[in-house]
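The first sequence maps to residues 96 to 576 in the numbering used here.
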Amino acid sequence: MEIRTRFAPSPTGYMHIGNLRTALYEFLIAKSQGGKFILRIEDTDQERYVEGATEIIYNTLKMTGLTHDEGPDIGGDYGPYVQSERMGMYLEYALQLVEKGEAYYCFCTKERLESLKVSNKEGTAFAKYDRHCLSLSKEEIQKNLDAGMPYVIRQKMPTEGTTTFSDVVYGDITVENSELDDQILIKADGFPTYNFANVVDDHLMEITHVVRGSEYLSSTPKYNLLYKAFGWTAPEYVHLPPVMRDAHHKLSKRHGDKSFEDLVREGYLVEAIVNYIALLGWSPSDNQEIFSLEELKEKFTISGLSKSPSIFDIKKLTWMNSEYIKNMEFEKYFELVKPRLEEAVKTKTLDIRKIAALLQKRLETLNDIPRLVDFFDTLPKYGTELYVHKKMKTTEEIALTALKAVVPVIESIDDWNEEVIHDKLMALVTELGMKNGQVLWPVRTALSGEPTSPGGAIELADILGKEETLRRIAVGIEKLS
RNA sequence: GGCCCGUUGGUCAAGCGGUCAAGACGCGGCCCUCUCACGGCUGAAACAAGGGUUCGAUUCCCUUACGGGUCACCA
Numbered sequence: 096m097e098i099r100t101r102f103a104p105s106p107t108g109y110m111h112i113g114n115l116r117t118a119l120y121e122f123l124i125a126k127s128q129g130g131k132f133i134l135r136i137e138d139t140d141q142e143r144y145v146e147g148a149t150e151i152i153y154n155t156l157k158m159t160g161l162t163h164d165e166g167p168d169i170g171g172d173y174g175p176y177v178q179s180e181r182m183g184m185y186l187e188y189a190l191q192l193v194e195k196g197e198a199y200y201c202f203c204t205k206e207r208l209e210s211l212k213v214s215n216k217e218g219t220a221f222a223k224y225d226r227h228c229l230s231l232s233k234e235e236i237q238k239n240l241d242a243g244m245p246y247v248i249r250q251k252m253p254t255e256g257t258t259t260f261s262d263v264v265y266g267d268i269t270v271e272n273s274e275l276d277d278q279i280l281i282k283a284d285g286f287p288t289y290n291f292a293n294v295v296d297d298h299l300m301e302i303t304h305v306v307r308g309s310e311y312l313s314s315t316p317k318y319n320l321l322y323k324a325f326g327w328t329a330p331e332y333v334h335l336p337p338v339m340r341d342a343h344h345k346l347s348k349r350h351g352d353k354s355f356e357d358l359v360r361e362g363y364l365v366e367a368i369v370n371y372i373a374l375l376g377w378s379p380s381d382n383q384e385i386f387s388l389e390e391l392k393e394k395f396t397i398s399g400l401s402k403s404p405s406i407f408d409i410k411k412l413t414w415m416n417s418e419y420i421k422n423m424e425f426e427k428y429f430e431l432v433k434p435r436l437e438e439a440v441k442t443k444t445l446d447i448r449k450i451a452a453l454l455q456k457r458l459e460t461l462n463d464i465p466r467l468v469d470f471f472d473t474l475p476k477y478g479t480e481l482y483v484h485k486k487m488k489t490t491e492e493i494a495l496t497a498l499k500a501v502v503p504v505i506e507s508i509d510d511w512n513e514e515v516i517h518d519k520l521m522a523l524v525t526e527l528g529m530k531n532g533q534v535l536w537p538v539r540t541a542l543s544g545e546p547t548s549p550g551g552a553i554e555l556a557d558i559l560g561k562e563e564t565l566r567r568i569a570v571g572i573e574k575l576s
């Protein structure tokens, strides 16, 4: 049988990291076994409707490579794929259940339901429906219906025995049927509840693996009983532990946690984000950590999924991001950073290709760029203490001597390139009988005006050019004199 | 509160009765080196607690603790 999974997000206006991970796993479960990955938009919560939100979903799936095989935008044989367009069909299914004696009409008012609630010491109220309307006769029901009384349709749960279902991640879970409430299937407004719509949709779309957050674990017995009531085959359940911000809280956009697009905006690569979240709750059979989406499709197995929550660690993501940047083929990397460099480097005569090369091994995120290249445009104000470096064995005096000696050497260079600069400066070092660092550190400092810089004296000189190099060295000499 | 689930270093995690309890991030040290970064080497750091079962428990069972989830005419 062909595996079919679905991603069923609500259009909220952004892609939550936890949702993206769910989508990833759904995609991988299907794709690792040659199955189909379906997109279904659950837009029935009108209160939360956000303009353009579905575009964000399409766009994210496209960016991440989680391409769906069926969905609202591309169609398929199991449509419609937008839940609001499916609204007409649910009542009919609920009525089938009423017919079979698996569900029943309920005319209870909200007030009556409210009166059923029992509060405990903490003040929290709990209620289980008392089945007041279960005993209504056909005539009474018809009379109420004719009178236009508002009603809901409830699922009739078994009162004895237990229900067991097997979750692929959590194993067998058993609950007492007496714990189960007669949940509402159709609301008074005629629309289905989420739980009911889900079961019907998943069945009609022939979803074989229902993948969702572990918060649904406790309602799954009810789902299973619904399938059973219909006489349908229940899907495989794959419940996923949550992605946490810390030990106590789930990641949530509302509490300031970053969404997928926030991370992209902050200079994280899409591939790195996908790779990182794949490992948040799943691990391969070996120790591999860097995976392309293609490799994930090959290596993913449901058995590698974990049961306990994982805390989102931005530091590890950042490391992984830098790995992706470092290992990128240079031309591809250059295309990626070019726009940001063009914006960050104001001096247009500078070779941003060379600057990019210097940065490739030093970037953690793309947003590091401006901070790292700032000094190329303008020499920062700095104090002469920067010239003193213990390990380089420099003092202000040595630095001054070195810089003065460097000037004529630099002036003598006509063919300005890294190799020539290197050879001339090294020759000077030998001539002066100094340590490399005693000459090069002062030059690097004079050129950057920073305690650290991406690249050493020679690389910086090459990029800055002869004229600017001499100018900055002169500034250094002046400061030190 | 009832029910369900979870618990290996700070974090991600391997483990599926016998291991010196992997690996990665982060942190410390050393090396490389014209700074930083990269790279290489290296160090500190964990089985929530108590009972069983067993020749032997991180691994199986029970209890406790602590976390989380769920008990809507919300999704």
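The beta carbon of each residue, even a glycine, is placed where N, CA and C say it ideally should be. All of these numbers come straight from a predicted model, not from anything done at the bench.
Item checked: C-alpha distance - H227 paired with S309, whole-angstrom precision -> Indexing the first sequence from 1 puts residue 227 at position 132. Indexing the first sequence from 1 puts residue 309 at position 214. Approximately 32 angstroms, taken between the alpha carbons.
Note to self: Could you check if E274 belongs to the surroundings of the ligand FAD, using beta carbon to heavy atom distance under 7 angstroms?
What the structure shows: Annotation note on the ligand FAD: not contained in the displayed structure, which lists no ligands.
Check: Buried or exposed: which applies to G528, given that a residue is buried once 16 or more other Cβ atoms fall within 10 Å of its Cβ?
Finding: Counting from one through the first sequence, the residue named residue 528 turns up at place 433. When all chains shown are included, G528 counts as exposed.
Checklist line | Beta-bridge partners of H334, as assigned by DSSP | finding: Start at 1 with the first residue of the first sequence, and residue 334 comes out as number 239. Its beta-bridge partners are R307.
Next item on the list: Could you say which of R448, K348, L192 and E430 lies nearest to F325 if we only look at CA atoms?
Entry: As a working note, residue 325 is residue 230 in the first sequence. Each of R448, K348, L192 and E430 was checked against the Cα of F325, and the nearest Cα belongs to L192.
Next item on the list: Please determine, among K223, G218, Y199 and G196, the residue with the shortest C-alpha to C-alpha distance to R52.
Entry: Nothing in the structure corresponds to residue 52, since the chain is present only between 96 and 576.
Next item on the list: Count the other C-beta atoms from every protein chain shown that fall within 10 angstroms of the C-beta of K195, then say buried if there are 16 or more, exposed otherwise.
Entry: The residue labelled residue 195 in the question sits at position 100 within the first sequence. Exposed, by the Cβ-count rule.
Item checked: Simplified DSSP state of H298, which is helix, strand or coil -> Along the first sequence, one-based indexing puts residue 298 at 203. Annotated three-state conformation of H298 is helix, per DSSP.
Checklist line | Sufficient close CB pairs (3 or more, under 8 angstroms) joining the region 130 to 137 to the region 328 to 347 | finding: Verdict: no, contact absent.
Note to self: Between which residues of its own chain and R135 is the CB-CB distance below 6 angstroms, once the five residues before and five after are set aside?
What the structure shows: On the first sequence, residue 135 is found 40 positions in, with the first residue counted as 1. Excluding residues within five positions, the ones whose Cβ falls inside 6 angstroms are R101, A103 and Y176.
Checklist line | Secondary structure of H344, DSSP reduced to three states | finding: The residue given as residue 344 occupies position 249 in the first sequence. If DSSP states are grouped into helix, strand and coil, H344 belongs with coil.
Check: Would L240 be called buried (16 or more neighbouring beta carbons within 10 Å of its own) or exposed?
Finding: Taking the first sequence and counting its residues from 1, the one referred to as residue 240 is at position 145. Looking at its Cβ environment, which holds fewer than 16 other Cβ atoms inside 10 Å, L240 is exposed.
Checklist line | Candidates I98, M96 and G108, of which the one nearest E356 by Cα | finding: As a position in the first sequence, residue 356 is number 261, starting the count at 1. For E356, the nearest C-alpha among the options comes from G108.
Next item on the list: Please state if the CB of G532 and the CB of N487 are separated by a distance shorter than 8 angstroms.
Entry: Position 392 of the first sequence, counting from 1, holds the residue named residue 487. Position 437 of the first sequence, counting from 1, holds the residue named residue 532. For the record, residue 487 in the displayed sequence is Met; it is not Asn. For M487 and G532, yes; Cβs fall inside 8 angstroms.
Checklist line | Whole-angstrom C-beta distance between L555 and L535, which should lie under 8 angstroms | finding: Within the first sequence, numbered from 1, the residue matching residue 535 stands at position 440. Within the first sequence, numbered from 1, the residue matching residue 555 stands at position 460. That belief does not hold up - the Cβ atoms of L535 and L555 are roughly 10 angstroms apart, past 8 angstroms.
Checklist line | Neighbour-count burial assignment, V538, 16 or more Cβ in a 10 Å radius | finding: By 1-based counting over the first sequence, the position of residue 538 is 443. By the beta-carbon neighbour count (other beta carbons within 10 angstroms, threshold 16), V538 is buried.
Next item on the list: Have a look at I450, T315 and K530 and flag the residue whose alpha-carbon is nearest the alpha-carbon of A494.
Entry: Reading the first sequence from its first residue, position 399 is the one you call residue 494. The option with the nearest alpha carbon to A494 is K530.
Item checked: Start-to-end residues for the alpha helix (DSSP H) that takes in I450 -> The sequence position of residue 450 within the first sequence is 355, counting from 1. Following the DSSP letters along the chain, one finds I450 inside the alpha helix (DSSP H) bounded by residues I447 to L454.
Notebook entry, point to check: Between which two residues does the beta strand (DSSP E) harbouring S261 extend?
Noted result: Locating residue 261 in the first sequence gives position 166, where the first residue counts as 1. Per DSSP, S261 belongs to the beta strand (DSSP E) from T257 to D262.
Note to self: Using a Cβ-Cβ cutoff of less than 7 angstroms, which residues in the same chain neighbour L388 once the five nearest sequence positions on both sides are dropped?
What the structure shows: Translated into positions along the first sequence, residue 388 becomes position 293. Setting aside the 5 residues that flank it on each side, L388 is surrounded in the same chain by G160 and V369, each with a C-beta closer than 7 angstroms to its C-beta; the list follows chain order.
Note to self: So, does the region 538 to 549 touch the region 469 to 488, judging by three or more C-beta pairs under 8 angstroms?
What the structure shows: Contact between the region 538 to 549 and the region 469 to 488 is present, because at least three Cβ pairs lie under 8 angstroms.
Next item on the list: Look up T159 in the DSSP assignment and say whether it is helix, strand or coil.
Entry: One-based indexing of the first sequence puts residue 159 at position 64. The three-state reading of DSSP puts T159 in helix, counting H, G and I together.
Notebook entry, point to check: Looking only at its own chain, which residues have a Cβ that is under 6 angstroms from the Cβ of I302, when we skip the five neighbours before and after it?
Noted result: Taking the first residue of the first sequence as position 1, residue 302 is located at position 207. Hits under 6 angstroms: R99, R101 and P330.
Item checked: Limits of the unbroken beta strand (DSSP E) element including D267 -> Counting from one through the first sequence, the residue named residue 267 turns up at place 172. Note, D267: beta strand (DSSP E), G266 to E271.
Next item on the list: Answer with buried or exposed for E172, where buried requires no fewer than 16 other C-beta atoms within 10 angstroms of its C-beta.
Entry: By 1-based counting over the first sequence, the position of residue 172 is 77. Reading off the sequence, residue 172 comes out as Asp, not Glu. Classification for D172: exposed.
Check: Per DSSP, G166 is paired with what?
Finding: Sequence index remark: in the first sequence, residue 166 carries index 71 (1-based). According to DSSP, which records beta bridges pairwise, G166 is partnered with G170.
Notebook entry, point to check: In its own chain, which residues sit with a C-beta less than 7 angstroms from the C-beta of D105, not counting the 5 before and 5 after it?
Noted result: Your numbering for residue 105 matches position 10 in the first sequence. As written in the sequence, residue 105 is Ser, which differs from the Asp given in the question. E137, D138, D140 and R143, listed in sequence order.
Notebook entry, point to check: I think A452 touches V432, with their Cβ atoms under 8 angstroms apart; what is that distance to the nearest whole Å?
Noted result: For the purposes of this step, residue 452 is identified with residue 357 of the first sequence, where counting begins at 1. For the purposes of this step, residue 432 is identified with residue 337 of the first sequence, where counting begins at 1. About 10 angstroms separates the two Cβ atoms, so there is no contact after all.
Notebook entry, point to check: Are the beta-carbon atoms of Y265 and L312 separated by less than 8 angstroms?
Noted result: What you label residue 265 is simply residue 170 of the first sequence in a count that begins at 1. What you label residue 312 is simply residue 217 of the first sequence in a count that begins at 1. Yes, they are a contact pair.
Next item on the list: Sort E97, A220, F221 and E209 by Cα distance to D164 and report the nearest one.
Entry: As a first step, residue 164 must be located in the first sequence, where it is residue number 69. Ranked by Cα distance from D164, the options E97, A220, F221 and E209 are led by E97.
Check: Do you know whose CA, among S507, N290, D446 and F260, lies nearest L565's CA?
Finding: Residue mapping note: residue 565 aligns to position 470 of the first sequence, counting from 1. Considering only alpha carbons, the answer is S507.
Notebook entry, point to check: What is the DSSP secondary structure of P287, reduced to helix, strand or coil?
Noted result: Here residue 287 refers to the residue found at position 192 when the first sequence is read from its first residue. DSSP places P287 in strand when its eight states are reduced to three.
Margin query: According to DSSP, is K131 part of a helix, a strand, or is it coil?
Written below: Taking the first residue of the first sequence as position 1, residue 131 is located at position 36. Reduced to three states, the DSSP call for K131 is strand.
Next item on the list: Count the other CB atoms, across all protein chains shown, that sit within 10 Å of the CB of M244; report buried if there are 16 or more and exposed otherwise.
Entry: As a position in the first sequence, residue 244 is number 149, starting the count at 1. Counting of Cβ neighbours within 10 angstroms places M244 among the exposed residues, the total staying below 16.
Notebook entry, point to check: How many angstroms separate the CA atom of M415 from the CA atom of I385?
Noted result: Position 320 of the first sequence, counting from 1, holds the residue named residue 415. Position 290 of the first sequence, counting from 1, holds the residue named residue 385. Between M415 and I385, the C-alpha separation is close to 8 angstroms.
Check: Can you name the residues that DSSP bridges to F221?
Finding: On the first sequence, residue 221 is found 126 positions in, with the first residue counted as 1. BP columns for F221 point to V213.
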